[in-house]
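Asker:
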Amino acid sequence: MRGQLALILGMAALATPTAQAQQAEALRTASLAATCAACHGTEGRAVREAAIPGLAGMPAPYLREQMHAFQRGTRPGSVMPQLAKGYSEAQIDRLAAYFAQRPAAR
Numbered sequence: 048m049r050g051q052l053a054l055i056l057g058m059a060a061l062a063t064p065t066a067q068a069q070q071a072e073a074l075r076t077a078s079l080a081a082t083c084a085a086c087h088g089t090e091g092r093a094v095r096e097a098a099i100p101g102l103a104g105m106p107a108p109y110l111r112e113q114m115h116a117f118q119r120g121t122r123p124g125s126v127m128p129q130l131a132k133g134y135s136e137a138q139i140d141r142l143a144a145y146f147a148q149r150p151a152a153r
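One rule links them: number in the numbering used here = place in the sequence shown (from 1) + 47.
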């Protein structure tokens, strides 16, 4: 019994740094996504009939493609072409995955 408890506690101690790292990464991604909220709505859920689309629930590959188009200047926009140029490839991947996992507004 004591050996099992020690094993469980030892495994929990090993998992803690990983869990903390995952939580920190999730917080960084949510903070990055929050920069989109002013135009695209909280968690990518735009209000109904908004001129700017919501991002929640859109497929990640589509979101990546659109961000790259803004970066290249092949998709027009008022502020997005400039904003998109400031994102790294890793940030675009994280944002695309984040918004793809969010339920779309009803």
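Cβ coordinates follow ideal geometry from the N, Cα and C atoms, glycine included.
1) Can you give me the Cβ contacts of E112 inside the same chain, cut-off strictly under 8 angstroms, excluding the 5 residues immediately before and after it?
2) Let me know the secondary structure DSSP gives Y30 once reduced to three states.
3) What is the DSSP secondary structure of T121, counted as helix, strand or coil?
4) Closest by CA to S135, which one among E90, Q118 and G104?
5) Could you check if R153 is buried or exposed, using at least 16 other CB atoms within 10 Å of its CB as the buried criterion?
6) Reducing DSSP to helix, strand and coil, say where R149 ends up.
7) Excluding five sequence neighbours on each side, which residues of the same chain lie with their C-beta closer than 7 angstroms to the C-beta of P150?
Answerer: In brief:
1) none
2) Residue 30 cannot be examined here, being either before or after the span of the chain that is shown, 48 to 153.
3) coil
4) Q118
5) exposed
6) coil
7) A103 and G104
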